[in-house]
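Here's the structure, in structure tokens; my notes come after.
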């Protein structure tokens with residue numbers, strides 16, 4: 077990784093303190109001017125550190141990086157297993173299985189993911205669900221929704237589909253017809269194309285390395301390649 | 002009564018609009034709270050997602066309007082002259098209110114669109130807290146720039162740059178600049194959330210805190226006559242602590258969105274220091290009030306300023322600290338515990354501040370010089386709102402605790418685990434208590450509204466009746 081959190085913390089605090097004291101020397105500590113210097117320097121040091129870390133982070137989370145896989149990962153088997161070294165759950169990618177009965181080219185996959193995100197925003201999913209833990213708390217977290225055992229256990233038999241993606245698609249298009257609980261998802265009039273894009277999106281999202289969130293999620297193994 | 006600057010009249014428009022939107026926020030919050038207990042309520046007509054969106058969006062907008070009102074109220078007093086672009090400011094007010102009305106109508110009548118860019122531009126962007134369609138985003142930036150222009154222009158015209166004005170200008174620049182970080186589309190949700198938090202966290206936990214520090218500083222100066230030197234020294238201390246802890250404290254939102262692991266340590270460390278400036282603000286408020294032996298002609302303003310200091314410390318500080326460390330947050334993130342923290346923090350830090358400012362402005366417009374603004378309704382509203390909010394927070398804290406233990410720590414964060422936790426009596430009961438205290442909060446708001454409409458007028462009528470015998 078190269079960047080240690082402790083070094084960043086100690087360095088920012090020390091630099092703020094030293095520069096502030098040097099520039100404010102000679103002023104009484106009860107004067108506003110003393111604290112003005114401290115305020116300007118501390119804010120600047122923290123802001124500059126944030127900008128520097130942002131360059132690194134944005135690169136580390138770009139599509140196709142180690143932490144955030146490219147869209148073509150929707151063609152692969154995706155699992156979620158415990159890594160004893162990190163002491164955290166992490167996603168793993170298995171063999172090629174396709175999605176909706178086909179293998180999507182990188183360009184097609186990217187278009188599908190983009191459509192999926194547009195659908196998720198247009199239907200305001202985050203004002204009921206949480207994605208990566210952010211959003212509202214009225215409906216389940218969707219971070220690992222693709223891997224959720226409920227699709228196979230309950231939804232596949234319920235809607236009469238023979239694959240996970242088909243079950244998700246049918247369910248997303250008619251959530252009011254297949255209620256799972258008293259809090260029912262309203263029918264948000266997803267077209268078949270939109271529903272398919274959302275399924276692909278949820279599959280892609282489940283392959284993001286989220287530092288072990290959510291914890292304790294049931295392990296999902298991938299078949300040997 | 003003092004003669005008002007045009008800028009202060011504009012501030013009153015903003016205050017009244019803000020207080021009406023406050024009511025709208027509570028109304029949609031109540032609808033959402035009812036849906037937690039009875040999910041069939043308005044199902045398919047006005048779904049939870051729409052109520053929740055209106056609940057949080059109304060909050061963001063009315064708090065911002067209150068802050069803008071505070072700026073327009075104190076700016077002429079600070080610079081000793083009328084605000085330069087007052088006509089532009091009034092135009093911006095109408096543009097702002099008109100835009101809000103259109104957005105709300107679209108939210109209510111249309112609710113959602115199809116998955117394309119038309120929806121992003123004209124219906125909703127569907128990104129929590131910044132759901133406003135893109136055209137409205139651009140409008141908000143334009144309004145914000147006009148406020149910033151007025152602050153800078155007036156200071157230049159008056160040839161006066163105080164420490165408070167300096168802090169305000171820098172803060173406004175960041176406030177408006179950061180909003181731009183939320184105005185783009187990316188399919189990559191990790192990148193989306195990364196920048197989204199620049200708007201949501203850096204706004205609320207950094208620039209808003211400093212802006213409120215500025216406004217409360219002005220309030221204490223005018224309410225209690227605290228010397229400028231003390232106010233400015235404290236303001237700088239607060240800026241140092243708020244930006245010093247809040248900027249990298251942003252890291253506590255970067256734990257689980259796909260970002261590198263160093264954010265766990267950086268975020269955990271700096272966010273655990275975030276309560277520090279809030280403690281400083283409490284000391285400041287208590288110290289000043291003590292020095293001045295609580296003597297003010299405007300007791301509601303002073304009491305709301307107190308509520309601000311303590312509410313900020315408890316809501317943002319204590320409730321935030323409860324689940325800010327990554328070891329805890331791994332389980333509590335995205336549960337009702339976050340809702341508990343959010344409710345108390347926004348009420349303590351920002352709602353109380355706006356109410357203090359509003360009462361202060363009323364004291365200057367309604368009441369004759371030296372007259373004490375001290376009726377009974379404001380006390381009932383004050384106690385009712387505080388008990389209502391703490392009640393909601395307590396209920397949500399219990400719910401959050403149960404959800405953390407059952408859904409996350411025990412059953413493993415699946416769809417089924419979520420449902421099991423939500424159906425647990427500790428959660429179901431808590432949602433009923435939340436609604437009960439929510440209703441109490443709403444009723445207190447009605448009393449508050451009555452008091453704001455009649456304060457001064459009512460007392461004066463009484464006094465005149467006494468004089469007349």
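Chains as they are written, first to last, in this note's numbering: chain H, 77 to 301; chain Y, 2 to 470.
The beta carbon of each residue, even a glycine, is placed where N, CA and C say it ideally should be.
For the alpha helix (DSSP H) containing residue 245 of chain H, list its first residue and its last residue. 240-249
Distance, residue 438 of chain Y Cα to residue 129 of chain Y Cα: 25 Å
Within the region 114-141 of chain Y, ranges of the alpha helix (DSSP H) (whole runs, at least 4 residues): 118-123
Given this structure, state the Cα-to-Cα distance separating residue 470 of chain Y from residue 376 of chain Y, to the nearest angstrom. Confidence is the limiting factor: at residue 470 of chain Y the pLDDT is only 44, short of 50, which leaves the residue's position unreliable, though a coordinate-based value still follows. Taking the straight line joining both Cα atoms gives about 20 Å.
I'd like to know whether the C-beta of residue 272 of chain Y is nearer than 8 Å to at least one C-beta of chain H. no
Does the pairing of the region 74-88 of chain Y with the region 19-33 of chain Y give three or more beta-carbon distances under 8 Å? no
Give every residue of the same chain whose Cβ lies closer than 8 Å to the Cβ of residue 1 of chain Y, excluding the five residues on either side of it in the sequence, and list them in chain order. What the structure shows of chain Y is the stretch from 2 to 470, and residue 1 of chain Y is not part of that stretch, so it cannot be assessed.
Could you tell me which uninterrupted beta strand (DSSP E) segments, each at least 3 residues in length, are contained entirely in the region 157-236 of chain H, listed from first to last along the chain? 164-172
According to DSSP, residue 154 of chain H sits in a beta bridge with which residue or residues? H/169
What number of angstroms, rounded off, separates the C-alpha of residue 200 of chain Y from the C-alpha of residue 122 of chain H? 17 Å
Helix or strand or just coil, what does DSSP make of residue 266 of chain H? coil
Identify, in the order they occur along the chain, each residue of the same chain with its Cβ nearer than 6 Å to the Cβ of residue 77 of chain H, setting aside the five sequence neighbours on each side. Low confidence applies here, because residue 77 of chain H scores a pLDDT of 48, under 50, leaving its location unreliable; read the following figure in that light. So no residue of the chain qualifies.
Ends of the alpha helix (DSSP H) at residue 81 of chain H? 81-99
Please classify residue 27 of chain Y: does DSSP put it in a helix, a strand, or coil? helix
Please return the same chain residues whose Cβ sits closer than 6 Å to the Cβ of residue 249 of chain Y, not counting the five positions on each side in sequence. 267 and 271
At least 3 beta-carbon pairs within less than 8 Å: the region 380-393 of chain Y vs the region 431-451 of chain Y: yes
Please check if any C-beta of chain Y sits within less than 8 Å of the C-beta of residue 270 of chain H. yes
Quick one: is the Cβ of residue 60 of chain Y within less than 7 Å of any heavy atom of the ligand GDP? No copy of the ligand GDP appears in this structure; indeed no ligand is present at all.
Go to residue 217 of chain Y, then tell me how far its alpha helix (DSSP H) extends in each direction, as first and last residue. 209-225
Using 8 Å as the limit for Cβ to Cβ distance, is residue 77 of chain H near chain Y? The pLDDT assigned to residue 77 of chain H is 48, lower than 50, so where the model puts this residue is not dependable, and the model offers no usable value.
With 8 Å set as the bound, which would you pick, yes or no: does the beta-carbon of residue 225 of chain H sit closer than that to a beta-carbon of chain Y? yes
Using a Cβ-Cβ distance cut-off of 8 Å, determine whether residue 197 of chain H contacts chain Y. yes
Using a Cβ-Cβ cut-off of 8 Å, state whether residue 470 of chain Y counts as contacting chain H. Model confidence at residue 470 of chain Y stands at a pLDDT of 44, short of 50, so the residue's coordinates are unreliable; what they give is reported in the following sentence. False, the Cβ-Cβ gap to chain H never drops below 8 Å.
With DSSP collapsed to three states, give me the class of residue 296 of chain H. strand
In angstroms, rounded to a whole number, what distance separates the CA positions of residue 361 of chain Y and residue 321 of chain Y? 29 Å
Helix, strand or coil: how does DSSP classify residue 299 of chain Y here? strand
Can you name, in chain order, every residue of its own chain whose Cβ lies under 6 Å from the Cβ of residue 237 of chain H, other than the five neighbours on each side? 243 and 246
Does the contact criterion of 3 or more C-beta pairs under 8 Å hold for the region 228-235 of chain Y versus the region 99-116 of chain H? yes
Mind checking residue 117 of chain H: buried by the 16 CB within 10 Å criterion, or exposed? buried
Any beta-carbon of chain H closer than 8 Å to the one on residue 133 of chain Y? no
Of the residues Y/93, Y/432 and Y/198, which one's Cα is nearest the Cα of residue 397 of chain Y? Y/432
Give me the chain Y residues within the contact set of residue 278 of chain H, using Cβ-Cβ distance strictly less than 8 Å, ordered along the chain. Per Cβ cutoff of 8 Å: no residues; residue 278 of chain H is ~11 Å from chain Y at best.
For the alpha helix (DSSP H) that residue 51 of chain Y lies in, which residues bound it at each end? 49-80
Rounded to whole angstroms, how far is the Cβ of residue 55 of chain Y from the Cβ of residue 108 of chain Y, which I believe are closer than 8 Å? 6 Å
In this structure, how does DSSP classify residue 43 of chain Y when only helix, strand and coil are distinguished? coil
Nearest residue (CA-CA) to residue 424 of chain Y, options H/298, H/257 and H/263: H/257
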